[in-house]
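**Q** Have a look at this one before I ask anything.
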Amino acid sequence: MQLDNSAGTESQAGRAMDAFLADVERKAFVIARISLRDDEDALDAVQEAMIRLVRKYASRPHGEWKPLFYRILKNRIVDQQRRRNVRQRFMAWLPISEDAPDPIAAAPGRPVEQPDRQLELSESMASLETAVGNLPARQSQAFLLRTMEGLSVAETASVMGCSQGSVKTHYFRAVHSLRITLGEHWGGPAKKVREAGK
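Every number in our numbering is 87 more than the matching position in the sequence shown, counting from 1.
Encoded structure:
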C-alpha cells in the first residue's frame, strides 16, 4: 500500500508561495507606489500581480518566482498607467467638483516617537521617492529592482526584457542622477537603500 503525498506537497508549495508573497509584498508596493504615485493604484497592481503569479506560475520552481513576479508587476504598472491616461483624458471634459474631500486632510496620522529624526527620515524618503519617480522609466525600474528588491543584474534584465549591459547602464545613470538630485539627502535613507541593494 502506497500513501499519496500529493496533499503534503501541495501544502508545502502553498506555504512556500505564502512566504514568498509576504516577503515581496512591501517592497513591491513601494515600487508600484513610486511608479504610479497613487497608493490605491499601487495596491491594485501588487494584488493583481500576486494573483496572477499564484494562478499561472505557482507550479514553477521557487527560484523563478521573483523575476516572474516583478515582470508581472511591471506589466500591471504599465496597465494602470494606461488606464489612468485614458481616465484623465476622459475626466478632462468633466467639471471639477469643489465638494470633493481633500485627500491630504483625510489621511490618517501616525504616532511619532522621535519627531526630529522622523521628520528628517520622512523628508529624505519623500525626496528619494520624488527623485526616483522623476527618473526616466527604465532608469527608475532598474534602480528599484536592483536596490529595493535586490535582484541581480541577470534577474533585472529578465524582468525588464533587456540585456544585462542595458541594466548596468540604466542603473549607473539612475544612481548618478540621484546623487546630483538628492545632494544633502544622499548620505541618509538613500544610502541605506543603496547599501541594502548590494
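Positions of the beta carbon are idealized from the N, C-alpha and C atoms, including for glycine.
Please read all numbers here as calculations on a predicted model, not as lab measurements.
Sort H149, N221, G270 and H263 by Cα distance to G101 and report the nearest one.
**A** Reading the sequence shown from its first residue, position 14 is the one you call residue 101. Checked all of H149, N221, G270 and H263; the closest Cα to G101 is H149.
**Q** In terms of alpha-carbon separation, which member of I138, A119 and L140 lies closest to L130?
**A** Along the sequence shown, read from residue 1 onward, the residue named residue 130 stands at position 43. Checked all of I138, A119 and L140; the closest Cα to L130 is A119.
**Q** Quick check on the DSSP output: the alpha helix (DSSP H) that includes S239 runs from which residue to which?
**A** The sequence position of residue 239 within the sequence shown is 152, counting from 1. Careful: S239 lies outside any alpha helix (DSSP H) and carries neither H nor E.
**Q** I need the straight-line Cα distance from A241 to Q251, nearest angstrom please.
**A** Here residue 241 refers to the residue found at position 154 of the sequence shown. Here residue 251 refers to the residue found at position 164 of the sequence shown. If you take the alpha carbons of A241 and Q251, they lie about 6 Å apart.
**Q** Name the two residues that bound the continuous alpha helix (DSSP H) containing D125.
**A** Within the sequence shown, residue 125 is the residue found at index 38, counting from 1. Counting along the chain, D125 falls outside any alpha helix (DSSP H), and DSSP gives it neither H nor E.
**Q** From K285 to K161, what does the alpha carbon distance come to, in whole angstroms?
**A** If you number the sequence shown from 1, residue 285 lands on position 198. If you number the sequence shown from 1, residue 161 lands on position 74. In this prediction, K285 has a pLDDT of 46, which is less than 50 and means its spatial position is unreliable; nothing more can be read from the coordinates.
**Q** State the Cα-Cα distance for the pair F230 and V141, rounded to the nearest angstrom.
**A** For the purposes of this step, residue 230 is identified with residue 143 of the sequence shown, where counting begins at 1. For the purposes of this step, residue 141 is identified with residue 54 of the sequence shown, where counting begins at 1. One C-alpha to the other measures close to 26 Å.
**Q** Out of curiosity, what's the CA-to-CA distance linking A283 and Y258?
**A** Residue mapping note: residue 283 aligns to position 196 of the sequence shown, counting from 1. Residue mapping note: residue 258 aligns to position 171 of the sequence shown, counting from 1. Below a pLDDT of 50, predicted positions are generally treated as unreliable, and A283, at 47, falls in that range; the measurement from the model is reported next regardless. Cα-Cα distance, rounded: 15 Å.
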